[in-house]
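In the UniProt record's numbering, the protein residues as written are 1 to 392.
Below: one structure, written as structure tokens.
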């Protein structure tokens with residue numbers, strides 16, 4: 001079994017002894033310390049120092065320990081390597097323990113009162129004060145003070161014990177959940193909802209899954225947003241072929257929209273049980289996944305419509321046709337987020353002991369009637385051009 005990787009982040013030279021002590025401490029606990037000055041620190045010789053440090057946190061770190069002394073260190077794009085390592089760990093969402101030198105904390109109020117003062121006799125870069133401020137007040141993380149390595153090790157002994165105990169509790173909850181296959185498919189937020197099992201957790205789980213499945217198609221959404229067409233589907237040179245193609249495209253869009261309405265109005269009620277009865281979580285996830293696939297189909301439909309190669313006279317009609325999916329795409333995107341916000345409001349009401357009003361989550365996906373009228377009108381204009389012999 002792989003050991004737990006504990007990444008130690010700090011400036012090296014001023015805290016060299018503390019880093020060495022922590023290395024021994026972590027090894028004695030049976031874990032694997034990751035320190036940039038060690039020979040086993042993973043590097044890519046083709047990348048710069050900062051990139052190697054970021055990648056080490058992203059790819060290797062299971063637990064992150066930040067130690068702030070009186071040196072900020074060398075900067076890259078305005079931030080030190082230690083600062084960037086910390087931000088990378090925050091983004092990764094791993095357990096983080098932060099420690100600040102006690103003497104620095106006593107100077108922090110002075111800096112707060114006079115940020116333009118000269119602190120060169122104390123620190124190498126006054127940016128370190130802002131870094132400490134960000135860690136202590138803006139990150140939402142607990143920050144411990146220390147004077148020597150022993151302080152850090154004593155705190156870590158206790159905190160790691162708490163962490164492992166928490167992990168055992170989560171493991172037990174996973175075991176009781178008995179949904180290993182489902183857990184491997186869903187997001188961390190969805191897993192968290194299932195483990196907490198708060199009031200209305202099944203509803204919240206479903207809406208979170210809807211949101212997650214839509215988010216999976218961000219890149220495709222960008223292709224749609226910026227009309228990125230990489231491959232032309234085919235070419236049409238005459239009105240009859242174009243009309244046939246436009247009719248088929250409209251029917252395809254109608255079927256996708258019909259399927260989306262079916263997902264929420266028929267599939268969801270089938271898998272969602274009455275209060276007091278367990279819902280089919282696998283079925284709810286399947287429903288959400290189907291919703292996401294249909295959302296992707298809307299995006300692909302619009303992109304495909306734009307990919308048709310036509311004569312100049314048909315370009316306006318092609319553009320209007322592609323816009324038929326715009327409203328449906330927006331409705332499909334906004335619905336999960338709207339529902340999650342409703343659930344957040346309900347949870348706040350419940351926590352305060354307030355009476356919760358009935359939450360209505362109605363989904364109606366439709367084609368914009370105005371765009372549909374424009375589409376019909378432009379097809380009529382093209383037919384008139386055909387009759388006049390201007391186009392085929």
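A virtual CB, placed ideally from N, CA and C, is assigned to each residue, including glycine.
Residue i versus residue j - alpha carbon distance
i           : j           : result
residue 270 : residue 102 : 59 Å
residue 292 : residue 322 : 20 Å
residue 356 : residue 90  : 35 Å
residue 36  : residue 219 : 35 Å
residue 5   : residue 61  : 5 Å
residue 16  : residue 179 : 46 Å
residue 246 : residue 166 : 58 Å
residue 237 : residue 307 : 14 Å
residue 73  : residue 125 : 8 Å
residue 176 : residue 195 : 9 Å
residue 253 : residue 319 : 15 Å
residue 145 : residue 7   : 19 Å
residue 70  : residue 160 : 26 Å
residue 372 : residue 211 : 28 Å
residue 352 : residue 340 : 19 Å
residue 223 : residue 284 : 29 Å
Run of the beta strand (DSSP E) containing residue i, from where it starts to where it stops
i           : result
residue 98  : 96-101
residue 145 : 143-146
Span of the alpha helix (DSSP H), counted from its first residue to its last, around residue i
i           : result
residue 264 : Per DSSP, residue 264 belongs to no alpha helix (DSSP H) and is neither H nor E.
residue 385 : 369-387
residue 333 : 326-351
residue 392 : Taken as a continuous stretch (DSSP letters only), residue 392 belongs to no alpha helix (DSSP H), as it is neither H nor E.
residue 196 : 188-196
residue 221 : 218-225
residue 203 : 201-215
Counted within 10 angstroms of its Cβ, other Cβ atoms place residue i as buried (16 or more) or exposed
i           : result
residue 242 : buried
residue 3   : exposed
residue 383 : exposed
residue 213 : buried
residue 336 : buried
residue 364 : exposed
residue 309 : exposed
residue 278 : exposed
residue 45  : exposed
Assumed close pair residue i, residue j - CB separation to whole angstroms, cut-off 8 Å
i           : j           : result
residue 43  : residue 52  : 5 Å
residue 131 : residue 83  : 5 Å
residue 343 : residue 200 : 7 Å
Ordered list of beta strand (DSSP E) runs contained in the UniProt domain "DUF4062" (6-89), each at least 3 residues: 32-34, 63-68
Give, in chain order, every unbroken run of the alpha helix (DSSP H) that is at least 4 residues long and sits entirely within the stretch 255-322. 268-271, 281-307, 312-322
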